[in-house]
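Below: the structure, in C-alpha cells.
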Amino acid sequence: MKEIIWKSFKLGDLFDNKVGRDSSIAQKNLDKSNEYTDEYNISIITESKFNNGIGFFMRKDDDILKGKIIEKGLTYGTQFGNANYHNYKHFIIGNVNYLFIKNEVLNKKCNLNIGNYLAKTINLIFSKSKLFGYGNKIDKLSFNREIILLPTIEVKKEDEWIWHENDKYYTLATDYINSLMDKAKEYREQKTIKSYEAERAKYEAERAKYEALYKIQRDSLTWKSFKLGDLFERSTALALGSNQKDLSIFNEKTENTISLISASRNGSGCIGYIEKKCVDKTKISVNKITFDDQWGFTFFQKEPFVITGGHNAILETKNNKLKKLLDNNLSGYSFLSLIANKITIKSNMFGYGYKINNKFDREIILLPTIEVKKEDEWIWHENDKYYTIASAYISYIYLSGRINYYQKLIDRYTYQY
-10 MKEIIWKSFK LGDLFDNKVG RDSSIAQKNL DKSNEYTDEY NISIITESKF
40 NNGIGFFMRK DDDILKGKII EKGLTYGTQF GNANYHNYKH FIIGNVNYLF
90 IKNEVLNKKC NLNIGNYLAK TINLIFSKSK LFGYGNKIDK LSFNREIILL
140 PTIEVKKEDE WIWHENDKYY TLATDYINSL MDKAKEYREQ KTIKSYEAER
190 AKYEAERAKY EALYKIQRDS LTWKSFKLGD LFERSTALAL GSNQKDLSIF
240 NEKTENTISL ISASRNGSGC IGYIEKKCVD KTKISVNKIT FDDQWGFTFF
290 QKEPFVITGG HNAILETKNN KLKKLLDNNL SGYSFLSLIA NKITIKSNMF
340 GYGYKINNKF DREIILLPTI EVKKEDEWIW HENDKYYTIA SAYISYIYLS
390 GRINYYQKLI DRYTYQY
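Everything in the sequence shown is counted per our numbering, starting at -10 for the first residue and increasing by one.
Below is the structure:
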C-alpha cells in the first residue's frame, strides 16, 4: 500500500450543503409506515442518531415525494450534526440537510465504506465536539468552515486524481479506508454480540431466582379468564394537555429531558424527549403500562415518562393486591403488556376507522393462577376457592423469552451501517 498522506480540507470545499425541499412538513400530515414494506419503501431521514437516521417510510408515489427522492448520498442534522450515508432511496425532513459531493471523481469513488467513513468523520467534528446542540444549530457558514482530515495517496498526473497541489496529484486512499471500515465493522459486530451475551446472561441470572418455584407452580396452574376492563382502567388523567404538534420534541435523551410516549410501535412507544422543566411533575409516571386507543400498542415503561393527549392512556391496575404483587415483580407488567398486544395488535381487528375505546374492556385475557388458602394473600375469590397470580411462573417464562430473543440476535447479527 502506498504511503498515506493526511490532508486537511474545509467541509465547504468538499460538500454542497443543501436544505431539502419541503423539509418542514409536519409528520402528522404524512401517510407513513414505521416499517419497511413493498409499498412503503422510501426511507425518510430525520435527525435521529438511531437506525441511520431513518424515522419512518413512505410510498414512492406519494405526491410529497414526487421528483424529490434521492438515490443515495450523505445527510446531516443541523441540530446535533448527526451525519449518515444512505445507499438507498431517501428523502429528508425536519432539521436535516443534504451533503452533495462537489468533486465528480470523489463522488464516483463514494461507495458504502467511503460514504460511512465520511459520515463518521463528520460526526466526530460536530456531534462529539459538544460545540453544537440546543440553541446553537449548525448553520451553513459553521459547517463550511470546519476542517476534515482525509487519507490520500499521491498519484501521477495521468491517473484519476482528485486534488492538485504544488505540481503533485492526490486521490483518496480508498483501499486504506475500505480496510479500515471492514475492520471497524468486525469490531462492532464482536462488541455488539458481547453486549447481547451480557444481556442474555443478565436474564439467565434473573430467571434462576424463579426456577424452583416455577416448577412447583407449573404443575398446579389454573388458567383463568378475565375481562381486560376488570383488570385495568384506561386513564388519561396524566396525559399532557398539549397536542404533539405543540411540543418541542428532541431526538436525544439528556439529563434534562424525559421520555414522551405516544402512539408508536417503535421504541416502546417513545417518540422522543421533552424538557423536564416543561412538564408538570404530577404528570410524570414510572413502572406503568401505556396504551394506544387507535392500534392498541401496549408497553411497560420502566423509565419516568409522560404521555401525549389524544388516544393515549395509562393502564392503571384496579386490584390493589394485584398491583402490589406486580410492583414487587416488574416482569409481570412486561408479561401483561405482551399479552395485551396479542389481543389488540395481532388480532388485526383495530386500526384506522375502528378505534378500540371501550372495546378494550370487553376483551378476554387468560392468566396463569394458583389456588391458595383463605389465610394466604389471595387476589381472586370464586366458589369458596382463593387464587393469586402465578408470579414465579410468569417471571420464568417472560425471562425465558428475553433469553431466547438475545440468543437469536447473537446467532443472526451482522453489523449494518
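Glycine included, each C-beta is placed from N, C-alpha and C at the ideal position. Just so we're clear, the structure is a prediction, and the values are computed from it rather than from any experiment.
Of the residues the options, which one's Cα is nearest the Cα of residue i?
{"i": "THR279", "options": "ILE263, SER251 and LYS265", "result": "SER251"}
{"i": "ILE383", "options": "TYR375, GLY321 and TRP367", "result": "GLY321"}
{"i": "GLU292", "options": "ILE399, TYR262 and LEU210", "result": "TYR262"}
{"i": "GLY83", "options": "LYS126, ILE34, ASN112 and ASN76", "result": "ILE34"}
{"i": "LEU169", "options": "ASP373, SER131, ILE151 and LEU107", "result": "LEU107"}
{"i": "ASN167", "options": "HIS300, LEU63, LEU227 and GLY104", "result": "GLY104"}
{"i": "ALA72", "options": "ILE31, GLU28 and TYR87", "result": "TYR87"}
{"i": "PHE215", "options": "GLY70, LEU325 and ASP20", "result": "LEU325"}
{"i": "LYS109", "options": "ASN393, ASN347, LYS38 and GLY230", "result": "LYS38"}
{"i": "THR438", "options": "LEU236, THR297, LYS242 and LEU217", "result": "Because residue 438 is not part of the residues shown, which for the chain are -10 to 406, the question remains open."}
{"i": "ASP20", "options": "GLU36, PHE45 and LYS126", "result": "PHE45"}
{"i": "TYR165", "options": "TRP212, THR26, LYS126 and THR141", "result": "THR141"}
{"i": "ASN347", "options": "ASP365, ASN318 and HIS300", "result": "HIS300"}
Rounded to whole angstroms, what's the CA-CA distance from residue i to residue j? Just pull it up for me.
{"i": "LYS183", "j": "TYR387", "result": "22 Å"}
{"i": "TRP(-5)", "j": "ILE238", "result": "40 Å"}
{"i": "ASN92", "j": "VAL85", "result": "22 Å"}
{"i": "GLN290", "j": "GLU186", "result": "23 Å"}
{"i": "ARG391", "j": "LEU3", "result": "46 Å"}
{"i": "TRP369", "j": "TYR375", "result": "6 Å"}
{"i": "SER257", "j": "ILE334", "result": "14 Å"}
{"i": "ASN245", "j": "LYS265", "result": "6 Å"}
{"i": "LYS98", "j": "GLU147", "result": "17 Å"}
{"i": "LEU249", "j": "ASN240", "result": "10 Å"}
{"i": "ASP316", "j": "ASN276", "result": "8 Å"}
{"i": "ILE81", "j": "GLU24", "result": "17 Å"}
{"i": "ILE378", "j": "CYS267", "result": "39 Å"}
{"i": "ILE136", "j": "ILE354", "result": "60 Å"}
{"i": "PHE286", "j": "ILE328", "result": "11 Å"}
{"i": "ASN76", "j": "MET47", "result": "17 Å"}
{"i": "ASP208", "j": "ARG351", "result": "30 Å"}
{"i": "GLY66", "j": "LEU220", "result": "45 Å"}
{"i": "PHE115", "j": "PHE69", "result": "7 Å"}
{"i": "LYS180", "j": "LYS172", "result": "12 Å"}
{"i": "ASN30", "j": "LYS(-1)", "result": "35 Å"}
Short of 8 Å in beta carbon distance, which residues of its chain neighbour residue i, apart from the five on each side in sequence? Order them along the chain.
{"i": "GLU143", "result": "LYS(-9), GLU(-8), ILE(-6), LYS157, TYR158 and TYR159"}
{"i": "LEU210", "result": "PRO357, THR358, ILE359, ALA379 and TYR382"}
{"i": "ASN255", "result": "ASN23"}
By Cβ distance below 7 Å, which residues in the same chain neighbour residue i in space, the five residues on each side in sequence not counted?
{"i": "ARG223", "result": "PHE280, ALA302, LEU304 and PHE349"}
{"i": "ILE151", "result": "ASN92, VAL94, LEU95, TYR159, THR160 and LEU161"}
{"i": "ILE247", "result": "TYR262, ILE263, LYS265, VAL268, ILE273, PRO293, PHE294 and VAL295"}
{"i": "ILE90", "result": "LEU3, PHE4, ASN96 and CYS99"}
{"i": "GLU28", "result": "ARG48"}
{"i": "LYS7", "result": "ASN86, TYR87 and PHE89"}
{"i": "SER323", "result": "PHE289 and TYR387"}
So, at 6 Å on beta carbons, what are the nonlocal neighbours of residue i in its own chain, with the 5 sequence-adjacent residues on each side left out?
{"i": "TYR395", "result": "TYR185, GLU188 and ARG189"}
{"i": "ILE399", "result": "ILE182 and TYR185"}
{"i": "TYR203", "result": "ALA381, TYR382 and TYR385"}
{"i": "SER(-3)", "result": "ILE136 and LEU138"}
{"i": "LYS129", "result": "ASN6"}
Tell me, please, whether the CB atom of residue i is closer than 7 Å to any CB atom in chain C?
{"i": "GLU186", "result": "Reference to chain C is not applicable here, since this structure consists of a single protein chain."}
Exercise for review: Could you name each continuous alpha helix (DSSP H) segment of 4 residues or more that falls completely within the segment 268 to 334, going from the start of the chain to the end?
Suggested key: Here the runs fully enclosed are 309 to 316 and 320 to 333.
Practice item. Just list the beta strand (DSSP E) runs in the segment 14 to 76, keeping only unbroken ones of 3 residues or longer that don't cross its boundaries, in chain order. Key: Taking only runs of at least 3 residues, the beta strand (DSSP E) segments lying wholly in the segment 14 to 76 are 29 to 34, 43 to 48, 62 to 66 and 72 to 75.
Exercise for review: Let me know the beta strand (DSSP E) ranges lying completely inside the segment 224 to 257, each 3 residues or longer, listed in chain order.
Suggested key: Here the runs fully enclosed are 246 to 250.
Point to revise | Minimum length 3: unbroken beta strand (DSSP E) runs contained in the segment 350 to 380 | key: Within the segment 350 to 380, the runs of beta strand (DSSP E) at least 3 residues long that lie entirely inside it are, in chain order, 353 to 361, 369 to 371 and 374 to 378.
Review point. Given 8 Å as the limit, is there contact between the segment 191 to 202 and the segment 169 to 179, that is, 3 or more CB pairs closer than that?
Key: No, the segment 191 to 202 is not in contact with the segment 169 to 179.
Point to revise | Meets three-Cβ-pair contact criterion under 8 Å: the segment 350 to 364 and the segment 309 to 321 | key: No: the two stretches stay apart, fewer than three of their Cβ pairs being nearer than 8 Å.
Practice item. Could I get the ranges of all uninterrupted alpha helix (DSSP H) runs contained in the segment 92 to 178, with 4 residues as the minimum, in chain order? Key: Counting only runs of 4 or more, we get 93 to 98, 101 to 115 and 129 to 134.
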